[in-house]
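**Q**
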Amino acid sequence: MPAQRVVIGVDSSTQSTKALAVDVETGAVLGEGRAAHTVSAGPARESDPEQWWRALGAATAATGWADRAAACSIAGQQHGLVTLDATGRPVRPALLWNDVRSAPQAAALAAAFGPAELARRTGSVPTAAFTSAKWAWLRAREPAAADHVAAVRLPHDFLTERLTGEAVTDRGDASGTGWWGPDGYDQEVLARIGLDPALLPEVLAPGARAGLVRSGTPLREGALVATGTGDNMAAALGLGLTPGRPVLSLGTSGTVYAVGRTRPADPNGTVAGFADALGGWLPLACTLNCSLAVDRFAALLGRDREDVEAGGTVVVLPYLDGERTPDLPGASGLVHGLRHDTTPGQLLQAAYDGAAHALLTALDDVLRAGGEDPAAGEPLLLIGGGAAGRAWQQTVLRLSGRAVQVPEARELVALGAAAQAAALLTGEPADAVARRWRTTEGRVLDPVPRDEDTLERITGTLRRARALQEVPPDERQEGRGR
């Protein structure tokens, strides 16, 4: 009987590291581990990369397979700016995707090239989330730190390099920087933000091996290490996603995406034209405020997160961390339309509706950007930490008008990373591995009529309130941004 082959997939996210030990043949999860991260509070959203490394060790050890796994792969939160000195140590805490202080730099970059030109070059119009804006912010606000930087990495790059000693990345995560396109690193964008391309990692081909695990690390020396990728690209792999099948992910951020047949380039900036971890594209819309923002409203109201009520006309824009879609980095939460008869449950439901609104109104744009027909009617795959919640499920059903499928598999980012690792052993494409593992299986919720009244009420409120949510020009110029 052949020996069991096991791989480890890692999801290094904003709040924690999750690791899964997975059987290569069956996809069975044999062990799990988790270790929390700390993120700064206030206007900054920063995290020490060294704690990610410690969390990776703790999480992989907890699977029970760290010393035996044949291969591993790391997926990580997108966009984060990791700056290292000549010894490979962080120069400063990493700037995370939801740090909006770099909004003025994003606006300046779009103005310098023009939104359409940047979308053509890099697939996306940068917002404060993008790594290019974060590096420009560091150059402007902490020049001494920037001058000390010997290497620039994304979160998953940093961890992969710690494991292997190889300075490499993949096309999926690189496409979220704002300085990479189909022809490689964009030299003019890099020159504009003052970043030497010699500081950047090599972008490996899809399916390539990043290297081997070094001695003295949390995993078995000599184990194969895949390229890894960004968290959204890994989740697409974990689902074995095929073109035209839309996904809504409910986590700290909210994302809606689909594998596309054509390269997206949305000059309006709603759809980010990301690459996937294979050879295709992953048009995506993202919000900063999703499950955590809704949970915060539940806490303020003293209610369980499932304790919602239908009815009423109150609108909540839950932009507690600024917002990316729509691009309002200086925004804050807004409640409009309160009446004497508004109940706490209705207010909580309005927070769900406000969090889902931008994602579901962008869904058709995401599908069109990838060359797909929005009317094709494929069920919407609902994943992420919020997907198991009945209130989230019913909100998405009501505001999408689509059937919704909730996969039974959990930790799909880590599963996607595990599929990448397994592909090194089997020679299959990583998405084919996941389809063999049958990761999308789960119940399908029948569609209900789309709640156009609620969508229009939120859209109208946002339009009228936009002046309250914009950053004043003097603050934008000075870079205060919040």
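Per this note's numbering, the sequence shown runs over residues -13 to 468.
We treat Cβ as the ideally placed atom computed from N, Cα and C, and that holds for glycine.
Owing to the predicted nature of the structure, the values given are computational and were not obtained by experimental measurement.
Drop a sphere of 10 angstroms on the beta-carbon of residue 417, count the other beta-carbons inside from all chains shown, and report buried for 16 or more, exposed for fewer.
**A** Per the 10 Å Cβ criterion, buried.
**Q** Hey, could you find the ends of the beta strand (DSSP E) residue 440 is sitting in?
**A** No beta strand (DSSP E) holds residue 440; the alpha helix (DSSP H) holding it covers 438 to 455.
**Q** Going by CA-CA distance only, name the one from 383, 111 and 340 that's closest to residue 442.
**A** Comparing Cα positions, the closest option is 340.
**Q** Helix or strand or just coil, what does DSSP make of residue 424?
**A** Coil at residue 424, not helix or strand.
**Q** Can the beta-carbon of residue 238 be found less than 9 Å from the beta-carbon of residue 88?
**A** Against a cut-off of 9 Å, the Cβ pair of residue 88 and residue 238 comes out as no contact.
**Q** Would residue 112 pass as a contact of residue 104 if the rule is Cβ separation under 9 Å?
**A** Yes, the Cβ-Cβ distance between residue 112 and residue 104 is below 9 Å.
**Q** Do you know whose CA, among 290, 9, 329 and 263, lies nearest residue 299's CA?
**A** Among 290, 9, 329 and 263, the Cα nearest to that of residue 299 is on 329.
**Q** Roughly how many angstroms separate the alpha carbons of residue 271 and residue 378, rounded to a whole number?
**A** One C-alpha to the other measures close to 18 Å.
**Q** Is residue 116 helix, strand or coil when you go by DSSP?
**A** Coil.
**Q** Under a three-way DSSP split, which group does residue 59 fall into?
**A** Note: residue 59 maps to strand in three-state DSSP.
**Q** CB-CB under 8 Å to residue 182, same chain, minus the five flanking residues each way: which ones, in chain order?
**A** So the list reads 176, once near-sequence residues are dropped.
**Q** Residue -7: which of 400, 440, 433 and 426 sits nearest, CA to CA?
**A** Considering only alpha carbons, the answer is 400.
**Q** Would DSSP call residue -11 helix, strand or coil?
**A** Residue -11 falls in the coil class under three-state DSSP.
**Q** Roughly how many whole angstroms lie between the Cα atoms of residue 403 and residue 16?
**A** Cα-Cα distance, rounded: 15 Å.
**Q** Mapping the DSSP letters down to three states, classify residue 465 as helix, strand or coil.
**A** Only weak support exists for where residue 465 lies, its pLDDT of 42 falling under 50; the value from the coordinates is given anyway. If DSSP states are grouped into helix, strand and coil, residue 465 belongs with coil.
**Q** List, from N- to C-terminal side, the alpha helix (DSSP H) runs of 4 residues or more that fit wholly inside the region 22 to 84.
**A** Those alpha helix (DSSP H) runs which fall completely within the region 22 to 84 and span 4+ residues are 35 to 48.
**Q** By DSSP, does residue 326 sit in helix, in strand, or in coil?
**A** Residue 326: coil per DSSP, three-state reduction.
**Q** Give me the residue from 287, 307, 169 and 290 with the minimum Cα distance to residue 274.
**A** When each option's Cα is compared against that of residue 274, the closest is 307.
**Q** Check each candidate in 391, 332 and 312 and name the one with the smallest Cα separation from residue 445.
**A** Among 391, 332 and 312, the Cα nearest to that of residue 445 is on 312.
**Q** Alpha carbon to alpha carbon, what distance is there between residue 322 and residue 36?
**A** Computed Cα separation, rounded: 42 Å.
**Q** Can you check which of these residues, 52, 395 and 47, is closest to residue 208 by C-alpha distance?
**A** Among 52, 395 and 47, the Cα nearest to that of residue 208 belongs to 52.
**Q** Assuming residue 383 and residue 431 make a contact with CB atoms under 8 Å, what is their CB distance in whole Å?
**A** With a Cβ gap of about 6 Å, residue 383 and residue 431 count as contacting.
**Q** Mark residue 149 as exposed unless 16 or more other C-beta atoms lie within 10 angstroms of its C-beta, in which case mark it buried.
**A** Under this definition residue 149 is a buried residue.
**Q** Mapping the DSSP letters down to three states, classify residue 207 as helix, strand or coil.
**A** It is coil, neither helix nor strand.
**Q** Could you tell me the alpha carbon to alpha carbon distance between residue 455 and residue 344, rounded to whole angstroms?
**A** Those two C-alpha atoms are separated by around 15 Å.
**Q** Which residue wins for smallest C-alpha separation from residue 109, given the options 192, 179 and 170?
**A** Taking only the C-alpha atoms, the option nearest residue 109 is 170.
**Q** By DSSP, does residue 224 sit in helix, in strand, or in coil?
**A** Three-state DSSP puts residue 224 in a helix.
**Q** Who does residue 167 pair with in a DSSP beta bridge?
**A** 170.
**Q** For residue 232, which three-state DSSP category applies?
**A** Coil at residue 232, not helix or strand.
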